[in-house]
Structure formats: C-alpha cells, structure tokens
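A quick write-up on the structure given underneath.
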Amino acid sequence: MASHPDTRIGLLKANIPYFLNPFLRISVNVMRPLQFVTLSILNLIAALAKSYGHEILLLLLDTQVVPLCLHCILHGDQLIRKVATLILMKILMQEKGLKYCCALPARFLLVIQVLRQLVDTFTSEITCSQQLKYVVQCYLSLSRVAWVGGVYDTVRTNFPQQLIDNTFGNITRDDPEIPIMLHQLVLNLTRHPPQ
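Dropping the structure here:
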C-alpha cells in the first residue's frame, strides 16, 4: 500500500506512521525480539519516502521520522540500519529534508555523529555496497550545505576518514558509482569557502 501512489498519501493523512512510531522508539533490549516488526515498519516508511512528493516529505518530517531513524541506525541490527539509512538518505536528498536536518545545530550534529558511528561499525562487519552508498549519499547531501551557517568545521571534524583511506576498497571496487561519489564528496569538503 505504501508503494502505490494512490494509497501512499492516504496512509500519511490517516497518520498511520504516528501509530507505528512507538515500535521505533523502543529500547535496545526490547528491539531484539521485535526486530521483524521494526524492520517491517521501516520498510513501510521507506516505501513512503521513495516518493519525492513535497507533501509526503512534510508529513514524514511531521511524524519525527528523522530522530526515529537515527535511533534505529544506532541500535538496530544490520538490516534495520540499512533501511533506516535509506530513509535518512531519501530525506536528505530533498531540499526541505536537508533544511530540516540542518535547521538546529544539535539536530545537524546528531545526524553527522550517527553517520560517523555507522561508518565505524562498517569496519567491524561485512558491509554491503548499497548501505555504503546510502551513507556516502547522506554525506554528499550534507556537504552541499557545509558552507551555510558555519557548519563546515562540524562536517569536516566528524567526517570518517575510512571513507577515503581505502578501508572499504573491497566494497567500492565492486560498485564504480561509489568512488565517483566519494571523489565529489572530497571535492565538496576540501574546496575553499566562498568569499
């Protein structure tokens, strides 16, 4: 239903995500037994987020989906983290979503820190190229606004060097799009600020 364009808006207007949010706010101890439920809810939200409709994005932001996804990225298993990162990426790729994540310094810092922690977990587990691509796209989106509002230092300070020091060379070798994205990201973060 969330994937179908005719029913997608209806789900959001009926505030269905509000009823599902408590399952995403659960503690780490409770999340383990309910992983399938959490993953199913995140898949529903991901199907909603895949639409680039302005109204859908605003309704998703209104349901506090960003902090919930960040919680799932920090505390979920690999599949939960992958879907939550996909949702965050889809939000950051849209101008309104990017503005939402950057509107408050604390929110922006939390997004950056959670992404960095996620990359740190990649070094201790086998990561799929798709999830790495989601993270790189999140950083690419955030790097577009790095010069706005003095957040450049925050982005650079919290940027995980593993993304550019060939730590994930075995993964990036299999997906030619990732090195291109990483190259653009490095360019975005190393250019001099506009005068």
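Taking full-length UniProt numbering, I'd label the letters of the sequence shown as residues 1 to 195. We put the beta carbon where it would ideally sit given N, CA and C, even for glycine.
Helix, strand or coil at residue i according to DSSP, with G and I counted as helix
| i | result |
| --- | --- |
| R81 | helix |
| L189 | helix |
| N43 | helix |
| D120 | helix |
| Q94 | coil |
| Q195 | Note that Q195 has pLDDT 40, beneath the 50 cutoff, so the model's placement of it is unreliable and no number is given. |
| R25 | coil |
| E177 | helix |
| I112 | helix |
| A106 | helix |
| residue 199 | Residue numbering for the chain in the displayed model covers 1 to 195; residue 199 lies beyond these limits and cannot be assessed. |
| L20 | helix |
| K99 | helix |
| T126 | The identity of residue 126 in the sequence shown is Ile, whereas the question assumes Thr. Of the three classes helix, strand and coil, the one that applies to I126 here is coil, per DSSP. |
| L48 | helix |
| L34 | coil |
Contact under 8 angstroms by Cβ, residue i with residue j
| i | j | result |
| --- | --- | --- |
| S129 | D77 | no |
| L142 | L92 | yes |
| V145 | L98 | yes |
| A49 | K96 | no |
| L140 | I73 | no |
| L68 | R25 | yes |
| residue 203 | L187 | Nothing can be reported for residue 203: it is not among the residues displayed for the chain, which extend from 1 to 195. |
| I164 | T127 | no |
| T123 | T167 | yes |
| V66 | L44 | no |
Residues near residue i in its chain [Cβ-Cβ closer than 7 angstroms; skip 5 each side]
| i | result |
| --- | --- |
| L39 | L79, I80, V83 |
| R156 | L189 |
| N158 | I112, Q113, R116 |
| H71 | L24, R25 |
| L110 | L70 |
| R107 | C101 |
Extent of the continuous alpha helix (DSSP H) run through residue i
| i | result |
| --- | --- |
| E55 | 54-62 |
| P67 | 65-75 |
| N166 | Taken as a continuous stretch (DSSP letters only), N166 belongs to no alpha helix (DSSP H), as it is neither H nor E. |
| S141 | 129-144 |
| T157 | 152-157 |
Cut-off 6 angstroms between Cβ atoms - residues of its own chain near residue i, not counting five sequence neighbours on either side
| i | result |
| --- | --- |
| V37 | F23 |
Residues of its chain near residue i, where Cβ-Cβ distance is below 8 angstroms and the 5 sequence neighbours each way are ignored
| i | result |
| --- | --- |
| Q64 | N21 |
| C120 | The identity of residue 120 in the sequence shown is Asp, whereas the question assumes Cys. Excluding sequence neighbours, D120 sits near P160, Q162. |
| I41 | L20, F23, L24 |
| M181 | K133, V136, Q137, L140 |
Contact test: residue i Cβ vs the ligand FAD heavy atom, cutoff 7 angstroms
| i | result |
| --- | --- |
| G53 | With respect to small molecules bound, the structure shown includes none, and the ligand FAD cannot be examined in it. |
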